[in-house]
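Novice:
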Amino acid sequence: MSKDLEKTESDAELEADGALPPVVLRMVVEVRSDGSRTVARGAIEDVPTGERVQVKIDNFSPLLLGKEITRALIGLPSLAKRAAVRMLLPRTTGSKND
3 MSKDLEKTES DAELEADGAL PPVVLRMVVE VRSDGSRTVA RGAIEDVPTG
53 ERVQVKIDNF SPLLLGKEIT RALIGLPSLA KRAAVRMLLP RTTGSKND
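So our numbering is basically just the index in the sequence shown, starting at one, shifted up by 2.
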């Protein structure tokens, strides 16, 4: 019924690409639905620290899914700390015309 997705590049090729920044976060969310019920589950990993958070939502809307994923991201202490520091720092723009 479903066909596996084919990868265009292997993980090793992506890791070897020096133009890419390092991986700092991994997120996998699986959404299942039969038309009457929708369930999402997955995990979020902060790669540098190894912290992981599980996400599981039953009977949700797309808006609720976004809210729960955001809550899970904020639940990672290292990400929450980084977000708090960014909020305290003055915003800078890349344009000189601003």
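Think of the CB as a built atom: it goes at the ideal place given N, C-alpha and C, for glycine as much as any other residue. Nothing here was measured: the structure is a model prediction, and the numbers come from that model.
Express the C-alpha separation of Arg73 and Gln56 in angstroms, rounding to a whole number.
Specialist: In the sequence shown, counting from the first residue as 1, residue 56 sits at position 54. In the sequence shown, counting from the first residue as 1, residue 73 sits at position 71. Roughly 11 Å between the two C-alpha positions.
Novice: Given a threshold of 16 other Cβ atoms within 10 Å of its Cβ, counted over all protein chains shown, does Val78 qualify as buried or as exposed?
Specialist: Residue mapping note: residue 78 aligns to position 76 of the sequence shown, counting from 1. Going by the sequence as given, residue 78 is Leu instead of Val. It is buried - the Cβ of Leu78 has at least 16 other Cβ atoms within 10 Å.
Novice: Hey, how far is the Cα of Arg34 from the Cα of Phe62?
Specialist: Walking along the sequence shown from the start, residue 34 turns up at place 32. Walking along the sequence shown from the start, residue 62 turns up at place 60. If I take the Cα positions, the gap works out to 11 Å.
Novice: Using only the alpha-carbon positions, how far apart do Lys58 and Leu22 sit?
Specialist: Taking the first residue of the sequence shown as 1, we reach residue 58 at position 56. Taking the first residue of the sequence shown as 1, we reach residue 22 at position 20. In a straight line, the C-alpha of Lys58 is about 31 Å away from that of Leu22.
Novice: By the DSSP assignment, the alpha helix (DSSP H) with Thr72 in it spans what residues?
Specialist: The residue labelled residue 72 in the question sits at position 70 within the sequence shown. Note, Thr72: alpha helix (DSSP H), 64-77.
Novice: Specify, as a first and last residue, the run of the beta strand (DSSP E) that Ala45 falls within.
Specialist: Here residue 45 refers to the residue found at position 43 of the sequence shown. Its beta strand (DSSP E) spans residues 40-48.
Novice: To the nearest angstrom, report how far apart Glu53 and Glu47 are at their CA atoms.
Specialist: Translated into positions along the sequence shown, residue 53 becomes position 51. Translated into positions along the sequence shown, residue 47 becomes position 45. Between Glu53 and Glu47, the C-alpha separation is close to 6 Å.
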